[in-house]
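Chains as they are written, first to last, in the working numbering: chain X, 6 to 445; chain G, 2 to 277; chain S, 9 to 298. All residues carry an ideal CB built from backbone N, CA and C; glycine is no exception. Below: the structure, in structure tokens.
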């Protein structure tokens, strides 16, 4: 035996040692997902999937949203093939499907009932008549408020409030000594953080990102009105540190009873209404996102979806899992194990027709109404060349949206004025769009 | 009389030193304590210091979500592996620089250090493509390789400074006895350099353990070390201070304990030739 | 003859390190230079058109670039200032006789072992958070409005976090250097009637010069690429108030997926880093020669 053969056999022995831990026959799926509560729950419930599919092993990569997006995008764009199932948002699906990065989902099974998916959600995931991702949970945004505080202030929240009412109510509820802040909104910079909220809000103020020729519109009065309104309200009646608060930070604040109102994702409803996590579970009311009487409300539309990269070599097994995790049976499984309150919302009409769910989830109707009222194809008052309510579905948007978000976050933190922020936003958007070669 | 003054002086200086040390250590202690609180106690006003309901549920929760021991094992393999390979490559180089220096030795040393100043993210895509083509994505060997390269300059430099302190006459004597180069390194040089090598080893294990850019971007699950483990707790939903604290404690405890036990050794060597 | 042998042997022994590092430098560098001339967005595959120096033009005229440059200098300078001044002070204390010196040392060294991500998460959430953080609690206890650290003074907050991690390192190196100071020299100076202050200026400080240089060198290498702390705490904001060069390039590469632009930024950063390196080599070379 020469040295070389010894080395080679040693190496292969090592490699076998590495492989054998996963079992000889089983197919292993690597699933990349976000560390949101619903996904963590899915991870806990996979025993059910394993008993039904003993030949499929699952490996989880659970990461914070931004880290996940960066890793998954790098991998899928370089065809690294590290993931068999990825969790992506409504923003990515049409762009990635167009690039041929996603495998179409055409073998979801007979019981899947594709037509049960909510049309608003489903249309965003379909391209050329094929479904490219299955929605795990869907959301719009709405107002969550404290009924007790409203009562104390002698206010009554209408089902469909105006911005003016919201600002006025925030002022009356705020009690800074008692650490109660009238309104909590996102302020942390990011296209999926403050810009999701602000873009949706701007829609109800009649603003838009681009005109029909892809010219940036931050120099228009509608944006100025939006941002001035937001900054003023937050500075006067928002919590300290608002410019670094995202969804999670605001959720924590609301659960501790420190917010009078919070306008954010409809999925938050099940967290704030859950007595195990929330101190104010029995005092929360819900209303549609505010408007200004211009015909558009300030609510968005989003879904976290499971998709299969075209580079995966295990598409059949992967599709089985996707089907399992987004099926009616999965919803029932969650309901059975953790209660109806925790069922993944916003994807299926059947859930909202279910009497048990309606009883357990006081926010069911408001969620469904919010989702149905969002229209990604006509998001704004004036015409626009793009789709997407709280985003613009072009590849460049992540970068631009985050950079603009930085400017608006600075305005909220008081590091710059509203006018300065809008001016920089206009400049940088124009610059980036020019670099990317728009109008295309 | 004089004695009493020095005693009082000692007490005062001790008090100041202790307060600074405690202040430096406090964030770690606070994290540790918070990891045993319920989420409610973790954000209670006024903050609860010791008298709260102690619970280990956070640790159970964290372990249920992610396999800590796999990540821990990966961290150990990557940190120790890259350090050992790095030492094996660096010891000859440092020896050569210390005992057969040329005009360019110092330049080479500085050039090596300067490779560490490049922003790693600029090279991510090329390296990712190379890794994909070589099948090294999400493999421990791939990460060991990258971390070896990243820390190699520091290893070479540290060793160089230790070797330089070893008097050349000893080597001359060994040579006179007819010892070969190999023997010279193994029997004469290495024993004298053991303290230096040991502290280089320790420092590099620490640096490799805490490296968060390459380990996070080039691994997915099988090879993912503790840096990836912590990345899934960076902003979870709702109240999370206690769970975050538990995960943080789990991520830093091994290296902290190693650091404490080898503290004397580490500190003795941690001079980079700064002390003549 | 012997020297010839030794020399070629020496070359041979250095070869693996030098070659590996050369490859580690040249391969990414070459591809980065290549990418920097292309219109390469990770999200738009297909042909990547050749752009020439357009990416550089955009990067260098980006208003964020200048901010990032200043922030990088402030961050490196700020942390160096705090760790060296603090480190000298703390080392002088520890050099005295104190009770429980071993434990003090163990406590003080601990932050150096903490992962940057963990350090940033802990400081951000449990200390600097304006509602639930401990600092906010103490501010309210003192009857003051809690300071919103990461929004009002983002860069300074990050400097505090990073300095916390590096202070132990500086202290320990400086302490070792102090302890090697000749007792006899110290006593001689004391006999001459030199005051404590002038002893420090004329004897101790020059003796520590080398150690200080080493601290500066090592810390600079790591501080130029500070990244995790910014990503976790402020995401470079508000605005660009806490964006350093590394973070700016990161955001181009992995938030905007503009590989061409990020590569151009990477090359600019390499050039700047080399300028810093030349400076460092000058001062270090001078100090380490002795």
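Return the bridge partner residues of residue i from the DSSP annotation.
i             : result
residue 66/X  : 37/X
residue 131/X : 136/X
residue 32/X  : 61/X
residue 91/X  : 37/X and 312/X
residue 148/X : 268/X and 292/X
residue 251/S : Residue 251/S pairs with nothing; no bridge assigned.
residue 46/S  : 58/S
Do we get a CB-CB distance below 8 Å when we pair residue i with the residues of chain X?
i             : result
residue 213/G : no
residue 233/G : yes
residue 165/S : no
residue 51/S  : yes
residue 126/S : no
residue 69/G  : no
residue 1/G   : Absent from the model: residue 1/G. The displayed extent of chain G is 2 to 277, so no value can be given.
residue 146/S : no
residue 218/G : yes
residue 66/G  : yes
residue 66/S  : yes
residue 264/S : yes
May I ask you to report which of helix, strand or coil DSSP gives residue i?
i             : result
residue 9/G   : helix
residue 266/S : strand
residue 366/X : coil
residue 250/X : coil
residue 44/X  : helix
residue 441/X : coil
residue 183/X : coil
residue 107/S : coil
residue 353/X : strand
residue 210/G : helix
residue 283/G : Lying before the first or after the last residue shown, residue 283/G is absent from chain G, which here runs from 2 to 277.
residue 258/S : helix
residue 142/X : strand
Assuming residue i is part of the beta strand (DSSP E), what are its boundary residues?
i             : result
residue 226/S : Counting along the chain, residue 226/S falls outside any beta strand (DSSP E), though it belongs to the alpha helix (DSSP H) covering 213-231.
residue 289/X : 289-293
Less than 8 Å between CB atoms is the rule here; does residue i satisfy it with respect to chain G?
i             : result
residue 182/X : no
residue 65/X  : yes
residue 291/S : no
residue 118/S : yes
residue 5/S   : Residue 5/S lies beyond the residue range present for chain S, which begins at 9 and ends at 298; the question has no answer from this structure.
residue 243/S : no
residue 89/S  : no
residue 155/S : no
Hey, does residue i have any beta-carbon neighbour from chain S nearer than 8 Å?
i             : result
residue 226/G : no
residue 294/X : no
residue 187/X : no
residue 85/X  : no
residue 261/G : yes
residue 246/X : yes
What are the boundary residues of the alpha helix (DSSP H) that includes residue i?
i             : result
residue 172/S : 162-187
residue 200/X : 199-209
residue 78/G  : 69-100
residue 239/X : 226-242
residue 171/X : 168-178
Check the Cβ-Cβ distances between residue i and every residue of chain C, and say whether any is below 8 Å.
i             : result
residue 203/S : No chain C appears in this structure, whose protein chains are X, G and S.
In chain order, what residues of the stretch 28-59 of chain G put their CB closer than 9 Å to some CB of chain X? 40, 41, 44 and 46
Taking any Cβ of chain X, which residues in the stretch 72-85 of chain S have a Cβ under 9 Å from it, in chain order? 72
Short of 7 Å Cβ to Cβ, which residues in the stretch 165-179 of chain G face chain S? Answer set for the stretch 165-179 of chain G: empty.
Quick one, which residues of the stretch 108-136 of chain G are near chain X if we go by CB-CB under 9 Å, in chain order? 125, 126, 129, 130, 132 and 133
Mind listing which residues of the stretch 387-410 of chain X have their C-beta closer than 7 Å to chain S's C-betas, in chain order? 400, 403, 404 and 407
When Cβ atoms are compared, which residues of the stretch 30-51 of chain X fall closer than 8 Å to chain G? 35, 37, 40, 41, 42, 45, 48 and 49
When Cβ atoms are compared, which residues of the stretch 266-288 of chain X fall closer than 9 Å to chain S? none
Using a Cβ cut-off of 7 Å, which residues of the stretch 73-84 of chain X contact any Cβ in chain G, in chain order? 76, 79 and 83
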